[in-house]
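**Q**
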Amino acid sequence: MSPHSTPVSRRTVTRAAAAAGLAVLFGAGHARAETRVGPRTLDVSVPSAALGRTAPVRLILPSSFATQPNRTYPVLYLLHGAHDDYTSWTRETDIEAFTQGRELIVAMPDAGPTGIPTAWRNGPDYETFQLEEVPALLRRDYRASGMRAVAGVSTGGYGAMAHAARHPGMFGAAASYSGILDTTAPGVPPIMDAIVARENLTPASLWGHPILNLLTWRDFNPRARAQGLRGTALYVSNGSGVGGGGGDPLPGVLESALWPSAHLFTNALAVLGISVTTHLYSGGGHDWAYWKPEFAASWPMLARALGLPE
34 MSPHSTPVSR RTVTRAAAAA GLAVLFGAGH ARAETRVGPR TLDVSVPSAA LGRTAPVRLI
94 LPSSFATQPN RTYPVLYLLH GAHDDYTSWT RETDIEAFTQ GRELIVAMPD AGPTGIPTAW
154 RNGPDYETFQ LEEVPALLRR DYRASGMRAV AGVSTGGYGA MAHAARHPGM FGAAASYSGI
214 LDTTAPGVPP IMDAIVAREN LTPASLWGHP ILNLLTWRDF NPRARAQGLR GTALYVSNGS
274 GVGGGGGDPL PGVLESALWP SAHLFTNALA VLGISVTTHL YSGGGHDWAY WKPEFAASWP
334 MLARALGLPE
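Heads up: the sequence shown begins at 34 in this note's numbering, then just goes up one per residue.
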């Protein structure tokens, strides 16, 4: 859908679009498209200079959003994993029902097909999209306050810790569920390469070669940037995998491959004297059956950071 080219100073919704449940809105000279997908849930297409395209973010608005027009709200950012998309949290969890009556905005921004929300060496800058462009939109059009927390699964767990570490003080809390928390740990660079290659992208387009471009890999590595997490409430969970019983062995194998990375990261925090709540458990798999209860376990920490009741 093409936005109107004539900017207006106030939000404008055409009657025809509103009747179809689709609104074309304008703010600060930037057009965006908003599609309502539930009573409180909407998808917003955000024109992004960082990505060179329009990219989506799914929002869950507070129950009081329409009735308290002067109120501002804290924001919980939820990041998706590899080979998934910005709809995953509403598709795989009860986050809409869970946040009913809780006065916050939930923002689920796109991270591309790999789900790695970073500034690519040869490609888009998802870090800027998620940390500058989306927050600017939320402040401008959805009354977001400055209180933020971030959580993610798998590559989204990487993003949660990398964002918080690389931008100290931006988030009051960060939670990772089976995240990639030490990108240079033994065996992890091939995992990153495989994630990128699965989407028919050149592995070097991420951060370059893991040895020849080691400084870049370190710059985007949560473990290497762990000092930046001081003062942020942290939650890290990961299973040992492998065990597993019947069925598809891949989730257990992948979880076990990230087990050393989780320990190296939390050990680095311990050396720095940075507090972290951990749940490093036996068994488990790299899937939502384990991530959903981990989110619930981390919620009290996230709520405190957002100034909400637990």
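Quick reminder that beta carbons are idealized off the backbone N, C-alpha and C, glycines included.
All values reported here derive from a predicted model rather than from experimental measurement.
Which complete beta strand (DSSP E) runs does the region 229 to 259 hold, if anything under 3 residues is left out?
**A** You should have found no qualifying run.
**Q** Starting from Thr188 and walking both ways along the alpha helix (DSSP H), at which residues does that stretch end?
**A** Per DSSP, Thr188 belongs to the alpha helix (DSSP H) from 188 to 199.
**Q** For Ser315, which three-state DSSP category applies?
**A** DSSP places Ser315 in coil when its eight states are reduced to three.
**Q** Rounded to whole angstroms, what is the Cα-Cα separation between Val183 and Leu245?
**A** Straight-line Cα distance between these residues: approximately 31 Å.
**Q** Sort Ser96, Tyr159, Ala198, Thr299 by Cα distance to Pro142 and report the nearest one.
**A** The shortest Cα separation from Pro142 among Ser96, Tyr159, Ala198, Thr299 belongs to Tyr159.
**Q** Can you name the residues that DSSP bridges to Pro89?
**A** DSSP output for Pro89 lists Ser78 as bridge partner(s).
**Q** Can you tell me whether Leu341 is buried or exposed, with buried defined as 16 or more other CB within 10 angstroms of its CB?
**A** Under this definition Leu341 is a buried residue.
**Q** On the premise that Tyr106 lies in contact with Arg173, defined as a C-beta separation below 8 Å, what is that separation, rounded to the nearest angstrom?
**A** Rounded, the Cβ-Cβ distance is 14 Å, inconsistent with contact.
**Q** So, are the CB atoms of Trp122 and His116 less than 8 Å apart?
**A** Cβ distance not < 8 Å, so Trp122 and His116 don't count as in contact.
**Q** Quick one: using the 10 Å Cβ neighbour count with 16 as the cut-off for buried, is Glu343 buried or exposed?
**A** By the neighbour-count rule (16 or more Cβ atoms within 10 Å), Glu343 is not buried but exposed.
**Q** Taking the C-alpha atoms as reference points, what is the distance between Leu313 and Lys325?
**A** If you take the alpha carbons of Leu313 and Lys325, they lie about 15 Å apart.
**Q** Can you give me the Cβ contacts of Gly71 inside the same chain, cut-off strictly under 7 Å, excluding the 5 residues immediately before and after it?
**A** For Gly71, where only same-chain residues beyond five positions count, the Cβ hits under 7 Å are Glu129.
**Q** What is the DSSP secondary structure of Ile128, counted as helix, strand or coil?
**A** It is helical.
**Q** How many angstroms separate the CA atom of Leu248 from the CA atom of Ile307?
**A** Cα to Cα, Leu248 sits roughly 24 Å from Ile307.
**Q** Which residue marks the beginning of the beta strand (DSSP E) containing Pro345, and which one marks its end?
**A** Look at the range of the chain in this structure, 34 to 343, and you will see that residue 345 is not part of it.
**Q** Can you tell which of Thr310, Ala144, Gly202, Arg251 has its C-alpha closest to the C-alpha of Gly264?
**A** For Gly264, the nearest C-alpha among the options comes from Gly202.
**Q** Please list, in chain order, all residues of the same chain as Tyr119 whose beta carbon is under 7 Å from its beta carbon, the five residues on each side excluded.
**A** Taken in chain order, the residues that qualify are Pro89, Val90, Arg91, His113, Met141, Pro142, Asp143.
**Q** If we ignore side chains and look at the alpha-carbon of each, how far apart do Gly54 and Ile93 end up?
**A** For Gly54, the pLDDT reaches just 35, beneath the cut-off of 50, and the residue's location in the model is therefore unreliable, although a value from the coordinates is still provided. Whole-angstrom Cα-Cα distance: 16 Å.
**Q** With C-beta atoms as the reference, is Leu239 less than 8 Å away from Ile149?
**A** For Leu239 and Ile149, yes; Cβs fall inside 8 Å.
**Q** Cutting at 7 Å between CB atoms, please list the residues of its own chain near Arg297, excluding the five before and the five after it.
**A** In the sequence as presented, Arg is not what sits at residue 297; that position holds Leu. Answer for Leu297: Asp215, Ala218, Arg256, listed in chain order.
**Q** Identify every residue that forms a DSSP beta bridge with Ala266.
**A** According to DSSP, Ala266 bridges with Ala206.
**Q** Am I right that Ser211 and Ser289 are in contact with their C-beta atoms under 8 Å? What's the rounded C-beta distance?
**A** The Cβ separation is near 11 Å, so there is no contact.
**Q** Assess, as a yes-or-no matter, whether the region 96 to 105 is touched by the region 132 to 141 under the definition of 3 or more beta carbon pairs within less than 8 Å.
**A** Touching, yes, given that three or more Cβ pairs across the two stretches are closer than 8 Å.
**Q** Cα-Cα, which of Leu111, His242, Leu283, Met180 is closest to Thr188?
**A** For the residues Leu111, His242, Leu283, Met180, the minimum Cα distance to Thr188 belongs to Leu111.
**Q** Using 8 Å for Cβ pairs, my map puts Leu339 next to Gly205. What's the rounded Cβ distance?
**A** Right, their Cβ atoms sit about 7 Å apart.
**Q** In this structure, how does DSSP classify Leu335 when only helix, strand and coil are distinguished?
**A** Three-state result, Leu335: helix.
**Q** Which term fits Leu283, buried or exposed, when burial requires 16 or more other beta carbons within 10 angstroms of its beta carbon?
**A** So Leu283 ends up on the exposed side.
**Q** Could you have a look at Thr310 and say whether DSSP puts it in helix, strand or coil?
**A** Residue state, collapsed to three classes: strand.
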